[in-house]
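Novice: Residue 179 is where the sequence shown starts when you use our numbering, and the numbers rise one by one after that. Virtual Cβ for every residue (Gly too), placed ideally from N, Cα, C.
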Amino acid sequence: VLKGYAALEPARKLLNDMMNEAIMKKELETVKCDEFQRKQIKILDELQTEVSMSTSGSAGSRSDLLKSQQMIAVLEEVKLPSARDALAQHAGRCKGDIAALKMQLQIVTADVEVMKRAV
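(1) Within the continuous alpha helix (DSSP H) that includes I235, where are the two ends?
(2) Quick one: what does DSSP say V292 is sitting in, helix, strand or coil?
(3) If I measure Cβ to Cβ from V252 and keep anything under 6 Å in the same chain, skipping five residues before and after, which residues do I get?
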């Protein structure tokens with residue numbers, strides 16, 4: 179058993195060894211933490227890029243949706259009623275034309291009967 183100042187040297191060496199080991203462990207953990215942080219930042223950057231691209235894509239889709247809704251409104255409010263009116267007018271003209279053609283057919287049929295009797 180060492181006494182006096184002689185006992186201090188082994189204790190100092192033990193403390194220095196423990197301190198050096200603690201410093202090495204701290205440095206190792208710092209390196210590990212730095213690497214982990216770099217990886218996480220890279221992942222976050224990639225995710226932010228994906229979010230930005232998705233946001234941009236959704237903005238474009240929203241724009242397309244608004245254009246489509248606007249086009250539907252124009253079709254429903256302006257073109258569809260005028261197309262229905264045009265269809266109704268056409269159907270009316272067709273009825274008139276059909277009636278006129280039926281009358282002409284009756285006249286031609288009657289003329290054919292008269293010609294059959296004359297021959």
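Specialist: Inspection of the coordinates gives the following:
(1) Note on identity: in this sequence residue 235 is Gly, with Ile being the wrong assignment. It spans L186 to V252 - the alpha helix (DSSP H) in which G235 sits, taken as one unbroken run.
(2) helix
(3) none
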